[in-house]
Each structure stands twice: as structure tokens, then as C-alpha cells.
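Protein chains in written order, with this note's numbering: chain A, 12 to 180; chain B, -2 to 197.
The C-beta atom is built at its ideal place from N, Cα and C for all residues, glycine as well.
Here the structure is a predicted model, which is why all the values come from computation and not from measurement.
Step one of this worksheet: look at the structure below.
What follows is the structure, given as C-alpha cells:
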């Protein structure tokens, strides 16, 4: 500050000096030290899973849960086994019928798909693309699409659903 | 996905919303926006670099860990300055108590009791840190600011160094607008008095 100021200049000088005061910076690595102690929000599913894991991993709870699980399995098998043995012929018949139904459904879907491919010309297009060398760009596009889908899925899992929540002004 | 460059163009509220959604870059953006203003305010309040850094760190940790409780109808800057100012004022109060206890515990009667309960004052003029502080805060105006009452100091620093509006300062300091204006006016008068020796 200039020495020997007039009385009238002092007010203005004080204001000017105040406004011109430098700002101080904390030491290097300040933000990293802060970030190391900040817990970032996690997706609700991850938080729930971690909480459940932490709750279950308490030694006494873990032992209690393991014993309860083992007991429930023994009881279930003890109750279910005689019933299964008693109804074995009916169950076998039911399983065979279900297998036939599923096989028939699979066959009809496959035949319909093949019929559509031939009728719509898709099969010819694929054959033509394979012979003309266009199959590689198509495969590349498919791979990129697959990777983009994977990344999208990863992003969806990484950030909670409230990303786009509006903020009141 | 907003990049660091995009974040710089966003307002505080939008950056806070992204931080709430778990974006680490948004947290870092808030830190980079406010680390200097918050640290400068605290440093000028407590006038001890290491202590100011600890308090600034605690301020940011408190704020960033409590983003969910931030109410967007208030300015983010008001919120963070309020927490920083409270941290600095608490520290100054503690220091005041410690200064009083330099003369020994209030219950000390005999000379031995006084000596046993008195704090040892440390001569910091020799340490490099103290030298740095005396250089940084050594100008006439910095010294004059250091002589102001803490509440005057907060008000004048927020107004003239950080350029905050009177309304925001009132929010930060939890005071009526008129009181803030009075504080700033008195602080200016005191600064003029402290710097009066510069007159002809």
C-alpha cells in the first residue's frame, strides 16, 4: 500500500486493497485427501447387498443362519422325500409330458423362423453378404453394438436411478 | 456422461445433483471451485496455515458427505461458507479458552497449581511455517484484518474479498441483513483507523 495517503484516499484505498487481496491455496494433494474420506453414493442394490452381507457376516448371526439353513434343508428333505417316492409314477408321467410339450414348441418355433428367413429373403441376403464380403462390417457392427450394450448395462449398474432427478431452483 | 470440461460450465446446483448421483468428477469439481475461497476465508480467520488446512479439509468432508441433506433452495456457496465460518469461529473460541488457561486453571490457588495447569506458550517465530504465515499475512491490510473482531472479519472478507452479496453473507452468518451491513460498515471504519498512520 502506498505510504503517505491523503485522508480522502484512504477509504478508496482500503476497499481497493481488500478487493485485490490474493486468494490462498491449500497444499498439494488437498482434494485427494478430502476425497479419500468422502463416501460416494452407491446404487441402492449395491448398498442393500453390502448391508445384508455385513449383517450376515456378524459371527453369531452367521452361525445362527447356517444352523437354521441346514435344519430347514434337513426338514424339507425329510418331508418331501416320502411324498416324492409315493408319487413317482405320476411325476414321471408329468415330466415326460412336459418334455414332449417343450420339444414340440421348440420345433415349431425353429420351423417358423426358418420359414420366415426363406420367405422374407433374409437367408438370401445373408448368403449374398457372405459371398460379397459385407459380412465383416456386419459382424463389426454387431460387436460394437454388443460392447455398447455392455457398457450401457455397466453404467446403469454404476449410477443410481436418480441421476436425472430434477433439482429445484 | 458429463466430462470435467462440461462440469465447469454447469451451475453449482447441477454439479451437486450430479454428485448426489454418484459422479466422482462432480465432487472434484465442487472441490476445485471452492477449495481456494474456503481455505482463504478460514486461513484469514484463524491465521495459521496448518490449522486452516485441517479445518478446510473437515469442512469439505462434512459438506460432501452430507450432500443428500443439501437443500437446493439455498445457494451451495452459502452452505459451504457457513460450515467453514462456523468451523473457524469454533476454533477461535477454543483458542480464546486456551489463551485464558495460559494463566493456569481457574481453580488454581497456589503458584505451584498455576504452573502445573498453565499451558506452555510455544514460540513459533522460528518455525518455517510461521515465517511463511508472517510473509503471507504480512501486508498492512492483512494485519489490519487480523485485528478485527471475528464476526467483522467474516463479514468484510465475504463481502470484499469473495464478492458475496449482503443477503448471502446474512445467510452464512445467520444474522439479519441490517446487522451484516452494520458489521461491514464498522469493519471498514476500524480498518480505516488501523491504517490511519498511512495518512499525511
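Neighbours of residue 62/B across chain A, judged by C-beta separation under 7 Å: 49 and 50. With respect to chain B, the C-beta atom of residue 168/A has no partner C-beta closer than 9 Å. In the structure shown, residue 119/A falls within a helical segment according to DSSP collapsed to helix, strand and coil. Straight-line measurement puts the Cα of residue 25/B at about 13 Å from the Cα of residue 48/A. Taking 9 Å as the CB threshold, residue 165/B stays off the interface with chain A. Under the Cβ distance rule, residue 157/B counts among the residues neighbouring chain A, one pair being separated by less than 9 Å. Residue 11/B and residue 45/B have their C-alpha atoms spaced approximately 34 Å apart. Assignment of residue 42/B by DSSP, reduced to helix, strand and coil, places it in the helix class.
Flagged as an interface residue toward chain A: residue 54/B, by a C-beta distance shorter than 9 Å. Taking all protein chains shown into account, residue 69/A has fewer than 16 neighbouring C-beta atoms within 10 Å of its C-beta and is therefore exposed. Separation of residue 186/B and residue 175/B (C-alpha to C-alpha, rounded to the nearest whole angstrom) is 17 Å. For residue 84/A, the enclosing alpha helix (DSSP H) has its first and last residue at 70 to 97.
Closer than 9 Å to the CB of residue 36/A there is at least one CB belonging to chain B. Using a CB distance cut-off of 9 Å, residue 70/A does not count as an interface residue toward chain B.
In this structure, residue 149/A places its C-beta atom within 9 Å of the C-beta atom of residue 140/A. For the 9 Å CB-CB criterion, residue 142/B and residue 154/B form a contact.
At least 9 Å separates the CB of residue 117/A from every CB of chain B. Going by beta carbons, residue 164/B and residue 34/B fall outside the 9 Å limit. Under the Cβ distance rule, residue 74/B does not count among the residues neighbouring chain A, no pair being separated by less than 9 Å. Of the residues assessed, residue 9/B falls on the buried side of the cut-off, its CB having 16 or more other CB atoms within 10 angstroms. Under a 10 Å Cβ-count criterion, residue 32/B is classified as buried, with 16 or more other Cβ atoms of the shown protein chains found around its own Cβ. Contacts between residue 188/B and chain A, judged by CB atoms closer than 7 Å, involve 25 in chain order. Residues of the same chain with a CB within less than 6 Å of the CB of residue 163/A, apart from the 5 flanking positions on each side, do not exist.
Closest option to residue 40/A, judged by alpha-carbon separation, among 54/B, 84/B, 162/B and 88/B: 54/B. Listed along the chain, the chain A residues whose CB falls inside 9 Å of the CB of residue 32/B are 36, 37, 41, 42 and 45. Distance check between residue 168/B and each of 79/B, 190/B and 146/B places 79/B closest, using alpha-carbon atoms only. The three-state reading of DSSP puts residue 57/B in helix, counting H, G and I together.
Proximity of chain B to residue 32/A at the Cβ level (cut-off 9 Å) is accounted for by 37, 41, 136, 138, 139, 142, 154, 157 and 158, in chain order.
In the displayed model, residue 26/B falls within a helix according to three-state DSSP. By the C-beta density criterion, residue 82/B is buried, having at least 16 other C-beta atoms within 10 angstroms. Using a Cβ-Cβ cut-off of 9 Å, residue 5/B does not count as an interface residue toward chain A, since no Cβ of chain A sits closer than that to its own.
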